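Have a look at the structure below, then the notes.
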Amino acid sequence: LRRGQYLKVSVRTQSQSGALFTDLFKVPTDSLQPAMRVDEASFTEQVLPIDSIGADPQNFRLRNLLRELRLEVKEDGFYLLRLQPELLRGGRYEISVQLSASLAFPVSGGTAKSVRSFFGDARDGGRRKHEGIDIFAARHTPILAATDGEVNFVGENTLGGKVVWQYDRRRQVGIYYAHLDTQFVVANTYAKMGDTLGLMGNTGNARTTPPHLHFGVYAKGGAVDPYPFVYESYPPPPVVTPDGERLAGRLGEWVHTVGTALLLVSTDKKSLAMSTLPKHLPLTIVGSHDKHYRALLPDGRTGYVAMKSLSDKPLRAQTLPRGERLYQTPEREAAVIDSLAGGTPVSVLGSFDAFLYIQTPKGQRGWLAPAN
Numbered sequence: 005l006r007r008g009q010y011l012k013v014s015v016r017t018q019s020q021s022g023a024l025f026t027d028l029f030k031v032p033t034d035s036l037q038p039a040m041r042v043d044e045a046s047f048t049e050q051v052l053p054i055d056s057i058g059a060d061p062q063n064f065r066l067r068n069l070l071r072e073l074r075l076e077v078k079e080d081g082f083y084l085l086r087l088q089p090e091l092l093r094g095g096r097y098e099i100s101v102q103l104s105a106s107l108a109f110p111v112s113g114g115t116a117k118s119v120r121s122f123f124g125d126a127r128d129g130g131r132r133k134h135e136g137i138d139i140f141a142a143r144h145t146p147i148l149a150a151t152d153g154e155v156n157f158v159g160e161n162t163l164g165g166k167v168v169w170q171y172d173r174r175r176q177v178g179i180y181y182a183h184l185d186t187q188f189v190v191a192n193t194y195a196k197m198g199d200t201l202g203l204m205g206n207t208g209n210a211r212t213t214p215p216h217l218h219f220g221v222y223a224k225g226g227a228v229d230p231y232p233f234v235y236e237s238y239p240p241p242p243v244v245t246p247d248g249e250r251l252a253g254r255l256g257e258w259v260h261t262v263g264t265a266l267l268l269v270s271t272d273k274k275s276l277a278m279s280t281l282p283k284h285l286p287l288t289i290v291g292s293h294d295k296h297y298r299a300l301l302p303d304g305r306t307g308y309v310a311m312k313s314l315s316d317k318p319l320r321a322q323t324l325p326r327g328e329r330l331y332q333t334p335e336r337e338a339a340v341i342d343s344l345a346g347g348t349p350v351s352v353l354g355s356f357d358a359f360l361y362i363q364t365p366k367g368q369r370g371w372l373a374p375a376n
């Protein structure tokens, strides 16, 4: 997240208890330090009518809650959202994460597409850095207050020409508007968000350029990038829906890798691979999205695997040469779920760490340990 963005997380829950603990943490740059809870985040909760879960009378024992977390980001970095349901309680959760601007756009009728020069761009042959963004529009377009705050300076300087300074006391930042053609406000007055401060121009060192507003945000440590403060065109998050045709009846079922396959963090084309899975590794299907299954591995890990890399056909049939114990997990210390007699025919569904995952004629599945 970037400083100046406004984060809104909506969590809709349907469960018997309705209890869902929601926390936001700032991830430290030093991996040896613990994540710090963001205390500035605000939370609201409201009870919603149960309107979409069927007519079963038992459903009316469920609580339908909308819990919202809101935060104006004060520091660039990675953030961790933790959702923790009440112990031993289940339920259904719908999560939406939205980003928006924390300040109003300062040029009437303008959008992020009107910005053509960005923070940090070289100026004067590289001798200085651009301490703001340039927003282009027609001459005499109204310049609007991006926030509520005191107008503490109206005047001229060499670089900015006709300028206005506004101080946002709540955020403790100064807002700088430069290259105006006309100024409508005076110092030591108060401007509300959306008030007209002046008109677009190209005064100061912008005399040779088309009319534009130089817009800057200054905090205690100096200039900060104003773009996240006013950028509003964040695309809505993609709708994550299961592939119903492929998932129908498959939840909890087993598949195995045909050859080696990548275990991915997500279904995004740029997703990182957590590891390369060996061939014939049995997996349990726990979800699906965009031609991938979300799978549970025998070692407890989960991730996404391309559907084309998987099969549900048994590897082979064989007969047990002697009696065998059938284990719940691929460990000799695991619970024994059955004892199979010698001569029992089984279907081999996969293998992991020399253990075989098999199915008996009665449909029971489990693991056979390797011979000593």
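In terms of our numbering, the sequence shown opens at residue 5 and continues consecutively. Just so it is clear, CB atoms sit at the ideal spot from N, CA and C, and this is done for glycine as well. All values derive from a computational prediction rather than experimental measurement.
Bounds of any beta strand (DSSP E) do not take in Pro-374, whose DSSP letter is neither H nor E.
The beta carbons of Leu-28 and Leu-75 sit closer together than 9 Å.
A distance below 8 Å between beta-carbons, with the five flanking residues on each side excluded, links Ser-343 to the following residues of its chain, in chain order: Gly-327, Glu-328, Arg-329 and Leu-330. A straight line joining the alpha-carbon of Asp-185 with that of Asn-156 spans about 19 Å. The criterion of a C-beta distance shorter than 9 Å is satisfied by Gly-153 and Ile-179.
Excluding five sequence positions before and after Pro-286, the CB atoms of its chain that fall closer than 8 Å to its own CB belong to Trp-258, Val-259, His-260, Pro-302, Leu-353, Gly-354, Ser-355, Phe-356 and Tyr-361, given in chain order. Within its own chain, the residues whose Cβ lies closer than 8 Å to the Cβ of Asp-199, once the five positions on either side in sequence are excluded, are Leu-148, Ala-149 and Val-189, listed in chain order.
Assignment of Tyr-235 by DSSP, reduced to helix, strand and coil, places it in the coil class. Residue environment analysis places Tyr-297 among the buried positions, since at least 16 neighbouring C-beta atoms fall within 10 angstroms of its C-beta. Minimum Cα-Cα distance from Arg-320 among the listed residues Val-309, Gly-113, Met-311 and Pro-349 corresponds to Pro-349. Take Leu-85, set aside five residues on each side of it, and the residues of its chain with a beta-carbon closer than 7 Å to its own are Val-13 and Leu-28, in chain order. The beta carbons of Tyr-308 and Thr-271 sit about 5 Å from each other, so the pair counts as a contact at 8 Å.
Your pair His-216 and Gly-136 does not check out as a contact, with CB atoms roughly 11 Å apart and the cut at 8 Å. Its chain contains Asn-206 as the residues whose beta carbon lies nearer than 7 Å to that of Thr-213, once the 5 sequence neighbours on both sides are disregarded; these appear in chain order. The residue from Arg-173, Arg-132, Gln-102 and His-183 with its alpha-carbon nearest to that of Ile-139 is His-183. Spanning the alpha carbons of Lys-196 and His-134 requires a straight line of approximately 27 Å. Under DSSP, Met-204 shares a beta bridge with Leu-184.
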